[in-house]
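Trainee: Chains as they are written, first to last, in my numbering: chain S, 429 to 683; chain L, 518 to 798. Even glycine gets a Cβ: it sits at the ideal position worked out from N, Cα and C. In this text, all values refer to a predicted model and were calculated from it rather than measured experimentally. First the structure, then my questions, so here it is.
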């Protein structure tokens, strides 16, 4: 081991310095009295709220509701997106007829459809799942369509020459050959499903994390609100890295 | 000038009878394969040689059942081919291993498709991996192998399906000359060992003479049979035969045939390019 190797790499060191600086400024602001009451609560207060939050079952119930909504949205939107993407990627005619709509609708903020979703699916989890599904569908469909077109054509000819059935072509050639774009699409899909679901919860709902955050805000319980934001932030990072890990493991073997 | 196509004999395992392939292009219909007839005998190594643009790759895809033809009949063991046939195993010119599968899983692919139990197909795959000389690389992935090794994986994969006819389209085209010669040795050795009926599509004269019992020379567009040459060289052969006098005579003879076609092709392409630049300016 080289003697010069520092315990902390410069990058880690810089990150630590930045985080500590932000925390210090935060704490200074909270004690300065420049801002209205709890707009910037002290770290201690946030810590206490965090402990309080995690010690009560109510939070976990709402967390489970949101996780269930996001999971269902990812499953529905992802599956639907995958199927549509594969069909569009495989068929030039359909792709020319419909794919431009995906590109138009893709960047549209899906929250504008929320009133419609409430009318169709009610104020409960149904409308949140619907919005999450809608958000998740587009990136997955577009990535799958692009991935389908990137497949090396000779691999398809190999499959055909060995007389693979349609199902065998899909599961043994198409899907493995496009796993990188698909995983990328699912990753993007997870992000927007999370955004869609939480946004919907903050607008109109009676349970879920988005509901709790807005509730805390409406009674001006800032430490609690910040505590929830922190937990949510950490959970999002975790979920994203799990999906990323799926793709990462594979890429070691590929090239 | 074209020699009359010989009537295919009944003993032939693969029969190509009066096959025509015509494509519609923006510039009008193009005949890629023009009334081609020939037969491949059991155990024989037949090469189809021709300049680029003679329709030999089209012929490869038609015999493999991946491409339809306009008229004529292709049949293997008496069965007419309209889609890929189990008796024909194709090896492609392009890199065609599955990057997400290990060498063993690549070779076992055709066996997996027919539902062979795992233990059995792995054993079979290992046999063919050893046959192409890749023992020790069973668990490697294609990106860990050289181009020549990957092409051997493709060959083993096709052989594992135990085709009656091995159909190859310039399988060594992307490799360097030395690898190509050595791989040619390997193919020859395997072909002689398995008595594998083989149809090789190539534009490389040395390769064709080195390996074949007969060589079919095609004309430049439209692709017709120009001549079929018997290669009367002793077997077993290796790449050493490349230095012999008889070998040189065959190469010269085929080059004389091919040269005319290749230069016609070249002129054609030059004219085409000239027209294009003329139209552009």
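#1: Exposed or buried, which one is residue 686 of chain L when buried takes at least 16 other CB atoms within 10 Å?
#2: How would you call residue 793 of chain L, buried or exposed, if buried means at least 16 neighbouring beta carbons within 10 angstroms?
#3: When burial is assigned at 16 or more other CB atoms within 10 Å of the CB, is residue 535 of chain L buried or exposed?
#4: Could you pull the DSSP bridge partners for residue 593 of chain L from this structure?
#5: Distance cutoff 8 Å, beta carbons only. Does residue 611 of chain L sit that close to anything in chain S?
#6: Once the 5 residues before and after residue 629 of chain L are set aside, which same chain residues still bring their CB inside 7 Å of it?
#7: Is it true that the CB of residue 656 of chain S sits closer than 8 Å to the CB of residue 481 of chain S?
#8: Would the stretch 583–590 of chain S and the stretch 536–543 of chain S be scored as touching if the rule is three or more Cβ pairs under 8 Å?
#9: Distance, Cα to Cα, residue 525 of chain L vs residue 636 of chain L?
#10: Along the chain, where does the beta strand (DSSP E) that runs through residue 743 of chain L open and close?
#11: Let me know the secondary structure DSSP gives residue 653 of chain S once reduced to three states.
#12: Cβ of residue 627 of chain L within 8 Å of Cβ of residue 678 of chain L?
#13: Which chain L residues are close to residue 596 of chain S, counting only those with a beta carbon under 9 Å from its beta carbon?
#14: Report yes or no: do the stretch 567–578 of chain S and the stretch 520–536 of chain S share at least 3 C-beta pairs separated by less than 8 Å?
#15: Can you check DSSP and say which residues form a bridge with residue 547 of chain L?
#16: Along chain S, in chain order, which residues have C-beta atoms closer than 9 Å to that of residue 772 of chain L?
#17: Mark residue 680 of chain L as exposed unless 16 or more other C-beta atoms lie within 10 angstroms of its C-beta, in which case mark it buried.
#18: DSSP puts residue 564 of chain L in a beta bridge; with which residues?
#19: At what residue ranges does the stretch 563–644 of chain S contain a whole run of the alpha helix (DSSP H), taking only runs of 4 or more?
#20: Show which residues of chain S have a CB atom less than 8 Å away from the CB atom of residue 581 of chain L.
#21: Taking the CB atoms as reference points, tell me whether residue 745 of chain L and residue 771 of chain L lie closer together than 8 Å.
#22: Which residues in the same chain as residue 574 of chain L place their Cβ atom closer than 7 Å to its Cβ, once the five residues preceding and following it in sequence are excluded?
#23: Answer with buried or exposed for residue 547 of chain S, where buried requires no fewer than 16 other C-beta atoms within 10 angstroms of its C-beta.
#24: Just tell me which of S/642, S/661, S/614 has its CA closest to the CA of residue 501 of chain S.
#25: Quick check on this structure: which residue in L/561, L/546, L/532 has the alpha carbon closest to the alpha carbon of residue 749 of chain L?
#26: Quick check: the Cα distance between residue 499 of chain S and residue 640 of chain S, rounded to an integer number of angstroms?
#27: Along the stretch 550–575 of chain L, where does the CB come closer than 7 Å to a CB of chain S? Name the residues.
#28: Measuring straight from C-alpha to C-alpha, what distance separates residue 674 of chain S and residue 665 of chain S?
#29: Once you ignore the five residues that flank residue 627 of chain S on each side, which residues in its own chain have a CB closer than 6 Å to its CB?
#30: On the DSSP letters alone, give me the boundaries of the alpha helix (DSSP H) that residue 684 of chain L sits inside.
#31: Give the DSSP-derived three-state secondary structure of residue 607 of chain L in the structure shown.
#32: On a Cα-Cα basis, can you pick out the residue from L/605, L/664, L/612 that is closest to residue 713 of chain L?
#33: Am I right that residue 623 of chain S and residue 491 of chain S are in contact with their C-beta atoms under 8 Å? What's the rounded C-beta distance?
#34: Using the beta-carbon of each residue, which ones in chain L are nearer than 8 Å to residue 620 of chain S?
#35: Could you tell me which of S/557, S/471, S/609, S/464 sits nearest to residue 453 of chain S, measuring between CA atoms?
#36: Answer yes or no: does any C-beta atom of chain S fall closer than 8 Å to that of residue 607 of chain L?
Mentor: Taking the geometry as given:
#1: For the purposes of this step, residue 686 of chain L is taken as the residue at position 169 of the second chain. Per the 10 Å Cβ criterion, buried.
#2: Locating residue 793 of chain L in the second chain gives position 276, counting from the first residue. An exposed status is given to residue 793 of chain L, since fewer than 16 other beta-carbon atoms sit within 10 Å of its beta-carbon.
#3: Locating residue 535 of chain L in the second chain gives position 18, where the first residue counts as 1. With fewer than 16 Cβ atoms within 10 Å of its Cβ, residue 535 of chain L is classed as exposed.
#4: One-based indexing of the second chain puts residue 593 of chain L at position 76. DSSP, once it has assigned bridges, lists L/531, L/596 as partnering residue 593 of chain L.
#5: As a position in the second chain, residue 611 of chain L is number 94, starting the count at 1. Cβ-Cβ to chain S under 8 Å: yes for residue 611 of chain L.
#6: For the purposes of this step, residue 629 of chain L is taken as residue 112 along the second chain, with counting starting at 1. Excluding sequence neighbours, residue 629 of chain L sits near 638.
#7: Sequence index remark: in the first chain, residue 481 of chain S carries index 53 (1-based). Sequence index remark: in the first chain, residue 656 of chain S carries index 228 (1-based). Yes, the pair counts as a contact, with Cβ atoms nearer than the cut-off.
#8: Counting Cβ pairs under 8 Å, fewer than three are found: no touch.
#9: Position 8 of the second chain, counting from 1, holds the residue named residue 525 of chain L. Position 119 of the second chain, counting from 1, holds the residue named residue 636 of chain L. Here residue 525 of chain L scores only 48 on pLDDT, less than 50, and its place in the model is too uncertain to base an answer on.
#10: Translated into the one-based positions of the second chain, residue 743 of chain L becomes position 226. Its beta strand (DSSP E) spans residues 742–747.
#11: Residue 653 of chain S sits at position 225 when you count from the first residue of the first chain. It is helical.
#12: Residue 627 of chain L sits at position 110 when you count from the first residue of the second chain. Residue 678 of chain L sits at position 161 when you count from the first residue of the second chain. In this structure, residue 678 of chain L lies closer than 8 Å to residue 627 of chain L by Cβ.
#13: Residue 596 of chain S sits at position 168 when you count from the first residue of the first chain. By Cβ distance, chain L contributes 629, 630.
#14: Segments in contact, yes.
#15: Working through the second chain from its first residue, we reach residue 547 of chain L at position 30. The partner list for residue 547 of chain L (beta bridge, DSSP) reads L/540.
#16: Position 255 of the second chain, counted from the first residue, corresponds to residue 772 of chain L. What residue 772 of chain L touches in chain S: nothing, since even the nearest Cβ is about 30 Å away.
#17: Taking the second chain and counting its residues from 1, one reaches residue 680 of chain L at position 163. Per the 10 Å Cβ criterion, buried.
#18: Position 47 of the second chain, counted from the start, is the residue given in the question as residue 564 of chain L. In the DSSP assignment, residue 564 of chain L forms a beta bridge with L/717, L/732.
#19: Listed in chain order, the alpha helix (DSSP H) elements of length 4 or more contained wholly in the stretch 563–644 of chain S are 581–589, 607–631.
#20: Taking the second chain and counting its residues from 1, the one referred to as residue 581 of chain L is at position 64. Under the 8 Å cutoff, chain S gives 589.
#21: In the second chain, residue 745 of chain L corresponds to position 228, counting from 1. In the second chain, residue 771 of chain L corresponds to position 254, counting from 1. No; because the gap between Cβ atoms is not below 8 Å, this pair is not in contact.
#22: Here the question's residue 574 of chain L lines up with position 57 in the second chain. Here the set comprises 686, 718.
#23: As a first step, residue 547 of chain S must be located in the first chain, where it is residue number 119. Exposed is the call here.
#24: Against the first chain, residue 501 of chain S aligns to sequence position 73. For the residues S/642, S/661, S/614, the minimum Cα distance to residue 501 of chain S belongs to S/614.
#25: Along the second chain, one-based indexing puts residue 749 of chain L at 232. Considering only alpha carbons, the answer is L/561.
#26: Residue 499 of chain S sits at position 71 when you count from the first residue of the first chain. Residue 640 of chain S sits at position 212 when you count from the first residue of the first chain. Cα to Cα, the separation comes out at about 19 Å.
#27: Residues of the stretch 550–575 of chain L that bring their beta carbon within less than 7 Å of a beta carbon in chain S are absent altogether.
#28: Within the first chain, the letter at position 246 stands for residue 674 of chain S. Within the first chain, the letter at position 237 stands for residue 665 of chain S. If you take the alpha carbons of residue 674 of chain S and residue 665 of chain S, they lie about 14 Å apart.
#29: As a first step, residue 627 of chain S is located in the first chain; it is residue number 199 there, counting from the start. These residues qualify, in order along the chain: 539.
#30: Indexing the second chain from 1 puts residue 684 of chain L at position 167. It is not in any alpha helix (DSSP H) - residue 684 of chain L instead sits in the beta strand (DSSP E) that spans 682–686.
#31: Stepping through the second chain from its first residue, residue 607 of chain L is reached at position 90. Strand at residue 607 of chain L.
#32: The residue you call residue 713 of chain L lines up with position 196 of the second chain. Considering only L/605, L/664, L/612, the residue with the shortest C-alpha distance to residue 713 of chain L is L/605.
#33: As a first step, residue 623 of chain S must be located in the first chain, where it is residue number 195. As a first step, residue 491 of chain S must be located in the first chain, where it is residue number 63. Actually they are not in contact, since the Cβ atoms of residue 623 of chain S and residue 491 of chain S sit about 17 Å apart, beyond 8 Å.
#34: Within the first chain, the letter at position 192 stands for residue 620 of chain S. At a beta-carbon threshold of 8 Å, none of the residues of chain L lie near residue 620 of chain S; the nearest stands roughly 27 Å away.
#35: Along the first chain, one-based indexing puts residue 453 of chain S at 25. Comparing Cα positions, the closest option is S/471.
#36: The residue given as residue 607 of chain L occupies position 90 in the second chain. At a cut-off of 8 Å between beta carbons, residue 607 of chain L contacts chain S.
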